[in-house]
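Below is one structure, written out as structure tokens, with a few remarks after it.
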Amino acid sequence: MRGATIAGVEAGGTKMLCALATAGGEVLEQARIATGEPNGTFAEIARFYAAAVARHGPVAAAGVASFGPLDLVESSATYGCLTGTPKPGWSGVDIRSAIAGIVGAPTAIDTDVNCAALAEARQGAAQGLDRVCYVTIGTGIGVGIVEGGRTNTGTGHPEAGHIRVPRAPGDDFAGTCPAHGDCLEGLACGPAMQARWGCLAENLPDDHVGWRFAAHYIAALCTNLTYIMRPQRIVIGGGVMQRASLLAAVHGIYRDMMAGYALDPYSASVETFIVPPHPGEVPAGLTGALTMASGLTDRAGRR
3 MRGATIAGVE AGGTKMLCAL ATAGGEVLEQ ARIATGEPNG TFAEIARFYA AAVARHGPVA
63 AAGVASFGPL DLVESSATYG CLTGTPKPGW SGVDIRSAIA GIVGAPTAID TDVNCAALAE
123 ARQGAAQGLD RVCYVTIGTG IGVGIVEGGR TNTGTGHPEA GHIRVPRAPG DDFAGTCPAH
183 GDCLEGLACG PAMQARWGCL AENLPDDHVG WRFAAHYIAA LCTNLTYIMR PQRIVIGGGV
243 MQRASLLAAV HGIYRDMMAG YALDPYSASV ETFIVPPHPG EVPAGLTGAL TMASGLTDRA
303 GRR
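Just add 2 to wherever you are in the sequence shown, counting from 1, and you've got the working numbering.
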């Protein structure tokens, strides 16, 4: 496998980020492709990789960090397929096999948030830690979990954005989740904030009550993750978290919710326990996809 290239794709609902890299993860070429209907989108991806491979050599392995929901049970007949996604035309699409066919190499797949968690655990804000949760608060709310260097999917990837959380005092908003109404995502994701306040979250002033509500719900999620998963660090990213004052507000409410009960050496120091992502030139989801591809080449080399 020496000198071979690896491919990474971060498949999103609006765009596909594609990269060709060295086996060590150094990105050689990147492309951003709009997510349209599946056949046209895959044709654009194929054109990018055909040109990139001609310049840098064949692909040894690939990784895909995809929007979901996904079937991640390797023994399943629909492994690597999108299931009930709201993205028109994409339900049932076997995205893993499509990318494997394009690059002509073994291909691993996981959710975009799990891949971001993997990237943060391997070389980001949680580097060197064994048990990490990554949270994204944006168009939706997702949680990725890494244990012992591997993402935790169980019989399916986590859907922690759809848990129930205690209401913030004074909040009677019905929620926007089409499945659950006022679940965490229905109360605190970017579109929920826009629906309840009539403007984009980025346009709300720092002292708007909407930020207090958001901090309450994000802190509740972190409290649940602390007691259930016992991570060594929680990394929180996503568009909503771009508000500079929000993380400090989450820290304060988290302390109140934990009430000093059953703290461990990690959660007892909230400023180093709940942290922002590591800034990098390559998005975390794409970095995680390349990390999975590198893992495939490592395993092949040991056989």
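The beta carbon of each residue, even a glycine, is placed where N, CA and C say it ideally should be.
- Counting other Cβ atoms within 10 Å of its Cβ, residue 136 reaches 16 or more and is therefore classed as buried.
- Around the beta-carbon of residue 211, fewer than 16 other beta-carbon atoms lie within 10 Å, marking it exposed.
- Judged by beta-carbon spacing, residue 112 lies within the 8 Å limit of residue 67, meaning their Cβ atoms are closer than that value.
- Straight-line spacing of the CA atoms in residue 42 and residue 93 works out to 16 Å.
- Three or more Cβ pairs closer than 8 Å define a contact, and the stretch 230 to 248 meets that threshold against the stretch 122 to 132.
- Judged by DSSP secondary structure, residue 229 falls within the alpha helix (DSSP H) whose first and last residues are 211 to 231.
- Spanning the alpha carbons of residue 276 and residue 247 requires a straight line of approximately 14 Å.
- Residue 72 has 84 as its beta-bridge partners, per DSSP.
- Taken through DSSP and simplified to helix, strand or coil, residue 22 comes out as strand.
- Note that the stretch 264 to 274 does not touch the stretch 75 to 82; fewer than 3 beta-carbon pairs, one per stretch, sit closer than 8 Å.
- Runs of the beta strand (DSSP E) lying entirely within the stretch 81 to 167 and spanning at least 3 residues, in chain order: 109 to 113, 133 to 139, 143 to 149.
- In the three-state DSSP reduction, residue 249 falls in the helix class (H, G or I).
- Within the model, the alpha-carbon separation for residue 166 versus residue 184 is close to 8 Å.
- Annotation: residue 240 to residue 46 spans about 27 Å, alpha carbon to alpha carbon.
- At the C-beta level, residue 29 and residue 291 stay beyond 8 Å of one another.
- For the options 96, 71, 100, 97, the alpha carbon positioned closest to that of residue 86 is the one of 71.
- The distance from the Cβ of residue 170 to that of residue 219 is about 7 Å, consistent with a contact at the 8 Å cut-off.
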